[in-house]
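Visitor: These protein sequence lines map, in sequence, to chains U and V. Each residue of the first sequence is one higher than the one before, counting from 1 in my numbering. Each residue of the second sequence is one higher than the one before, counting from 1001 in my numbering. Where a beta carbon is used, it is the ideal one built from N, C-alpha and C, also for glycine. On a predicted model such as this, the values are computed, not experimentally measured, just so you know.
Number of protein chains: 2
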Amino acid sequence: MRNFDETTITDAVLERVRNAPDLRQRFVSEAIVRHLHDFVREVEPSQKEWAEAIAFLTRVGQKCTDTRQEFILLSDTLGVSMLVDAINHRFPGNATQTTVLGPFHVVDAPEFALGDDISGGMAGAPLLVEGSVSSIDRQPIAGAVVEFWHADAEGFYDVQSEAGLTNLAGRGVVRTGAKGEFWFQTVIPAAYPIPDDGPVGDMLKAQGRHPYRPAHVHFMMSAPNCETLVTHLFLADSEYLDSDVVFGVKDALICELETQPAGPTARGNWISKDMAALRYDFVLADADR
Amino acid sequence: MRNFDETTITDAVLERVRNAPDLRQRFVSEAIVRHLHDFVREVEPSQKEWAEAIAFLTRVGQKCTDTRQEFILLSDTLGVSMLVDAINHRFPGNATQTTVLGPFHVVDAPEFALGDDISGGMAGAPLLVEGSVSSIDRQPIAGAVVEFWHADAEGFYDVQSEAGLTNLAGRGVVRTGAKGEFWFQTVIPAAYPIPDDGPVGDMLKAQGRHPYRPAHVHFMMSAPNCETLVTHLFLADSEYLDSDVVFGVKDALICELETQPAGPTARGNWISKDMAALRYDFVLADADR
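(1) Going by other Cβ atoms of all chains shown within 10 Å of its Cβ, with 16 needed for buried, is U/T265 buried or exposed?
(2) Tell me the rounded alpha-carbon separation between U/T259 and U/P189.
(3) Counting contacts by CB-CB distance shorter than 8 Å, is V/I1194 in contact with chain U?
(4) Kindly say whether U/K250, judged by its beta-carbon, lies nearer than 8 Å to any beta-carbon of chain V.
(5) Expressed to the nearest angstrom, what Euclidean distance is found between the alpha-carbon atoms of U/F307 and V/D1038?
(6) For V/C1167, decide whether its Cβ has a neighbour in chain U, counting only Cβ atoms nearer than 8 Å.
(7) Nearest chain V C-beta to U/Q47 closer than 8 Å, yes or no?
(8) Closer than 7 Å by beta-carbon distance: list the chain V residues that pair up with U/V60, in chain order.
(9) Which of the three DSSP states is assigned to V/M1082 in this structure?
(10) Which chain V residues sit within Cβ distance under 7 Å of U/E42?
(11) Please check the pair U/V187 and U/L127, which I expect to be a contact at CB under 8 Å, by giving their CB distance rounded to whole angstroms.
(12) Are the C-beta atoms of U/F104 and some chain V residue less than 8 Å apart?
(13) In whole angstroms, give me the CA-to-CA distance for V/F1112 and V/H1105.
(14) Cutting at 8 Å between CB atoms, please list the residues of its own chain near U/A109, excluding the five before and the five after it.
(15) If contact means a Cβ-Cβ distance below 9 Å, which residues of the stretch 120 to 151 of chain U contact chain B?
(16) Give me whichever residues DSSP pairs with U/C255 in a beta bridge.
(17) Just to confirm the assignment: which complete beta strand (DSSP E) runs, minimum length 3, are found wholly within the stretch 1070 to 1146 of chain V?
(18) Would you kindly report the start and end of the unbroken beta strand (DSSP E) that includes U/G172?
(19) By the 10 Å Cβ neighbour count, where 16 or more other Cβ atoms means buried, how is V/F1182 classified, buried or exposed?
(20) At the level of alpha carbons, what is the spacing between V/A1277 and V/D1116?
(21) Does chain U have any CB closer than 8 Å to the CB of V/W1270?
(22) Could you tell me which residues DSSP pairs with U/W183 in its beta bridges?
(23) Does the stretch 211 to 221 of chain U come within contact of the stretch 82 to 94 of chain U, defined as at least 3 CB pairs closer than 8 Å?
(24) Taking Cβ-Cβ distances shorter than 7 Å, what residues in chain V pair up with U/N3?
(25) Given that V/V1084 touches chain U, what residues does it touch there, using C-beta distances under 7 Å?
(26) Ordered along the chain, which non-local residues of its own chain (more than five positions away) have a Cβ less than 6 Å from that of U/P193?
(27) Compare the C-beta of V/C1064 with all C-beta atoms of chain U and state if any pair is closer than 8 Å.
(28) Taking its Cβ as the centre, do 16 or more other Cβ atoms sit within 10 Å of U/D286, making it buried, or is it exposed?
(29) Identify the contact partners of V/A1020 in chain U, using a Cβ-Cβ distance below 8 Å as the criterion.
(30) When burial is assigned at 16 or more other CB atoms within 10 Å of the CB, is V/T1166 buried or exposed?
(31) Which of the three DSSP states is assigned to U/R2 in this structure?
(32) Quick check on V/D1281: does DSSP put it in helix, strand or coil?
(33) List the residues of chain U whose Cβ lies closer than 9 Å to the Cβ of V/F1219, in chain order.
(34) For the alpha helix (DSSP H) holding V/H1035, just list the boundary residues, first then last.
(35) List, in chain order, every chain U residue whose beta-carbon is nearer than 8 Å to that of V/A1012.
(36) Buried or exposed: which applies to V/P1261, given that a residue is buried once 16 or more other Cβ atoms fall within 10 Å of its Cβ?
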């Protein structure tokens, strides 16, 4: 096989990947080739433009570090992460809605006891988070693993500081109590621009887009026999709810902050000072749905 | 705009990139979004698969160095580079056929005088290269810049050694003489696997493909008012002419090596020992075609 031109090259490449021993690998490879070639055939990039595309993707990869994932940013800002999320969460029923993981999740975040202040000294007004985790048949799930992470009042995550992974703050893990309940104390996060000093930021500028996300707290929750839930709670008074740069906002995940005076809380916990309160009852889908 | 699902997310992203101030940027951005979303909709990746795709692209970017361009390898092995080449070189007329640039081109390669040995001590049997450069109306082009690079008898380029860019060999630049002629001495290159110790190598294995290219010498030629020519000459006795991993082979670029005894050469040059000879007359397209 030789002498390929624009009418024969695609079939030649498809023929070549047809030997993939794994059927899924073969299917995905064929789809990559078809769609990528279709894109090139539509856009007809000049050699210079294609070299620029190669250089752009290279910069995206080289911008990635232990604490920055520029390819996730690219996927998020092109709406692909939300599309993948939607495809994987059809018919959620009464299970809590999902949204993107984002690039700031850290594995092995520190464990906390219920009620702890998890802010790690982050700047911001005090925030009480009270919630619960149940199954879709409304049974509370004790011992569910509740992971959370959020930005500070300036809109920065812990891992964006120079300390990186060595000074985690505003993130952690708790386990739900006997009635599926959890709570922790932290600070109110601000809306923020995604990191836009790299190639994805350059892309957004070229596309005439702002880089902002509305204020939110990330959650990831898991329990035996349940599907792991990846979602956010968005703050109702935040800017950018209608123009989230990663297309992640859902009405069902927007929460009004409540006022909670010092003393016993609405959910029977106890705090020593006045706080804003963020409350939500999460429902995990069955793993075998 | 919020609450996006798989039926609405694509239009939402298209709407967002519609603000791109540059029309070409807008057109390309829209095409990227449509084709990328179509791919995802067809393949329906699991969250785990999408995370693996992100990790793969990150590895590709992180594998790139001053002397290794893994994204070009990816583009080459998926047939995209040859497709872009084909789209940009329709109707070549009698101009020399084009093929891929590949990942081993180095800017500012050393200049040589006509007839020099450019092998830099590379291993291999001696090879005489004699050629000419003319315009499509058969006028010889004096002073054309002829750049060339090739692997050694083991199939390795200079920049693949630990010395990297500090010990260039088997590459250089000469300028054609008054009759458009050029010649240099070097060694016969071998067929070789593209660098397959990285993510692109992993992909080829998963696709059940070999990583080999047939033996060849790269050329890039430029002259005033002519389109820069990027091409190879392939050696007719090489393996893999019909299964080049980057789909680059064209019959018009395959050359039989000739036998050239020491003394005056077929083209009026002079060599001191017996050599194989690679001869080709290149024709540059007009820049304004």
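Guide: This is what the structure gives:
(1) buried
(2) 16 Å
(3) no
(4) U/K250 belongs to the set of residues whose beta carbon lies under 8 Å from a beta carbon in chain V.
(5) With chain U represented from 1 up to 289, any question about residue 307 of chain U goes unanswered, as that position is not in the structure.
(6) It is worth fixing the name first, because residue 1167 of chain V is Asn in this sequence and not Cys. V/N1167 does not count as touching chain U.
(7) yes
(8) G1061
(9) helix
(10) A1031
(11) 6 Å
(12) no
(13) A direct Cα-Cα distance of roughly 17 Å separates V/F1112 from V/H1105.
(14) E147, W149, L168, R171, G172 and V173
(15) Annotation note: the requested chain B is absent from the structure, which comprises protein chains U and V.
(16) U/L235
(17) 1126 to 1135
(18) R171 to R175
(19) By the C-beta density criterion, V/F1182 is buried, having at least 16 other C-beta atoms within 10 angstroms.
(20) Each residue's CA atom was taken as its position, placing V/A1277 and V/D1116 some 15 Å apart.
(21) no
(22) U/E130
(23) no
(24) K1250 and D1251
(25) V40, P45, Q47 and W50
(26) Same-chain partners within the cutoff: P211 and Y212.
(27) It does: the Cβ of V/C1064 has a partner Cβ on chain U nearer than 8 Å.
(28) exposed
(29) Under the 8 Å cutoff, chain U gives A206, Q207 and G208.
(30) Counting Cβ neighbours within 10 Å, V/T1166 comes out exposed, since fewer than 16 surround it.
(31) coil
(32) strand
(33) Within chain U, no residue comes near V/F1219; the closest Cβ sits about 15 Å away, beyond 9 Å.
(34) L1023 to V1043
(35) Chain U residues near V/A1012: G79 and F247.
(36) exposed
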